[in-house]
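> Before anything else, here's the structure in question.
Protein chains: 2
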Amino acid sequence: MSREDGDADGPVEIWCAGEDWCAVTATASLIGKKWHPVIVDRLLTDGPLGFNALKEAVDGISSKVLSDSLEDLEERGIVTRTVISEKPFRVEYGLTERGRELAPVIDAMRTWGRDHLVPADESDR
Amino acid sequence: MSREDGDADGPVEIWCAGEDWCAVTATASLIGKKWHPVIVDRLLTDGPLGFNALKEAVDGISSKVLSDSLEDLEERGIVTRTVISEKPFRVEYGLTERGRELAPVIDAMRTWGRDHLVPADESDR
DNA sequence: GGTCGCCAGTAGTAAATAGTTACCTTCCCG
DNA sequence: CGGGAAGGTAACTATTTACTACTGGCGACC
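Protein chains in written order, with the working numbering: chain F, -13 to 111; chain U, -13 to 111.
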């Protein structure tokens, strides 16, 4: 199962049903997936990571979901998967340019979260 | 079923499992729901809307999903549901201050989408 | 040369989310 | 009175996402 990169070097084709193209809907279909933003965030912060290192970094995700998510993100040209060594089989996940440009989105999310959400155990209610 | 507003006037309590609080994960759990960003976008753009007007604006969503989404967003203090008139029963959905502050996130999403995604029918492949 | 643990995942299944179709109630208009 | 708009709900199906386990290669230790 060699994940084909296909159109990873051009804009991803997504059609937003309805009268006109909707960038918000399209973007939501990419990062509106619970774990995708965190994965991208960790890759932005901690640079290229191996599978298990990324799993640790994301903290709470399962192997399967991470695997599926990475496959999805790779297909969409956001994440790169590089085989570093064959014999002691090692891979590294990183971001494409397109992925790195998601930084403002992730950052806006973090800012909003910091301002409007609180950890449950710190609450005074 | 009077949707209780509860903690709509304070930060929502969400705990990000693991060693430290993660604002990105928490925010993703709120807006990482396919339609939530678009709903917020439309409310930001077109101001307060009635149920069916919002359904038209979002273009593609079903009554059920819109209903569920609005309930969810209301519980989290992002959307307000105001009964405008009782006898010819009319409601209006709008954004709270917290909801309005999602604007930068939505905007970043729209910008990214415009730069990196294209409508399917415009593609040359 | 066995077995411990690290690395990179799969398999199978459960739970959540989204979508479909149908239907309900109250008004207002003609 | 009949039909349409507003604002949904109910029941069911389909799809997606998530979780618990487990596999299998390789290297290091003993």
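We treat Cβ as the ideally placed atom computed from N, Cα and C, and that holds for glycine.
So G80(U) is in the beta strand (DSSP E); what residue range does that whole segment cover?
Start and end: R76 to L81.
> Going by the DSSP bridge assignment, what does T66(F) pair with across the sheet?
G80(F).
> Please confirm if E87(F) has its CB atom under 8 Å from at least one CB of chain U.
With 8 Å as the cut-off, E87(F) counts as an interface residue toward chain U.
> 8 Å is my cut-off, CB to CB: does G99(F) come that close to chain U?
At least one chain U Cβ lies under 8 Å of G99(F).
> Inspect the beta-carbon positions of V24(U) and L81(U) and report whether they are closer than 8 Å.
Their beta carbons are not under 8 Å apart, which means V24(U) does not touch L81(U) by this criterion.
> Quick one: what's got a C-beta closer than 7 Å to A43(U)'s C-beta in the same chain, skipping five residues either side?
Closer than 7 Å at the Cβ level, and outside the excluded window around A43(U), lie R28, D32 and L35.
> Rounded to whole angstroms, how far is the Cβ of G63(F) from the Cβ of R84(F), which I believe are closer than 8 Å?
About 5 Å; that satisfies the 8 Å criterion.
> Our contact map puts M95(F) next to V10(U) with C-beta atoms below 8 Å; I'd like the distance itself, whole angstroms only.
Sure, about 5 Å apart at Cβ, within 8 Å.
> Can you give me the C-alpha to C-alpha distance between N38(F) and V69(U), rounded to a whole angstrom?
Near 51 Å, if we compare the C-alpha coordinates of V69(U) and N38(F).
> Would you kindly work out how many angstroms separate the C-alpha atoms of L30(U) and R86(U), rounded to a whole number?
Rounded to the nearest angstrom, the two C-alpha atoms are 7 Å apart.
> Three-state secondary structure (DSSP) at S71(F)?
Strand, per DSSP.
> Is the Cβ of G33(F) closer than 8 Å to any Cβ of chain U?
Judged by the 8 Å Cβ criterion, G33(F) is not in contact with chain U.
> Cβ of C8(F) less than 8 Å from any chain U Cβ?
Yes, C8(F) counts as interfacial toward chain U.
> Mind checking who L136(F) pairs with in its DSSP beta bridge?
Outside the displayed span of chain F (-13 to 111) sits residue 136(F), for which this structure offers no information.
> At the level of alpha carbons, what is the spacing between E60(F) and L40(U)?
The alpha-carbon atoms of E60(F) and L40(U) are separated by roughly 34 Å.
> Beta-carbon of P74(F) versus every beta-carbon of chain U: anything under 8 Å?
No, because no Cβ of chain U sits closer than 8 Å to the Cβ of P74(F).
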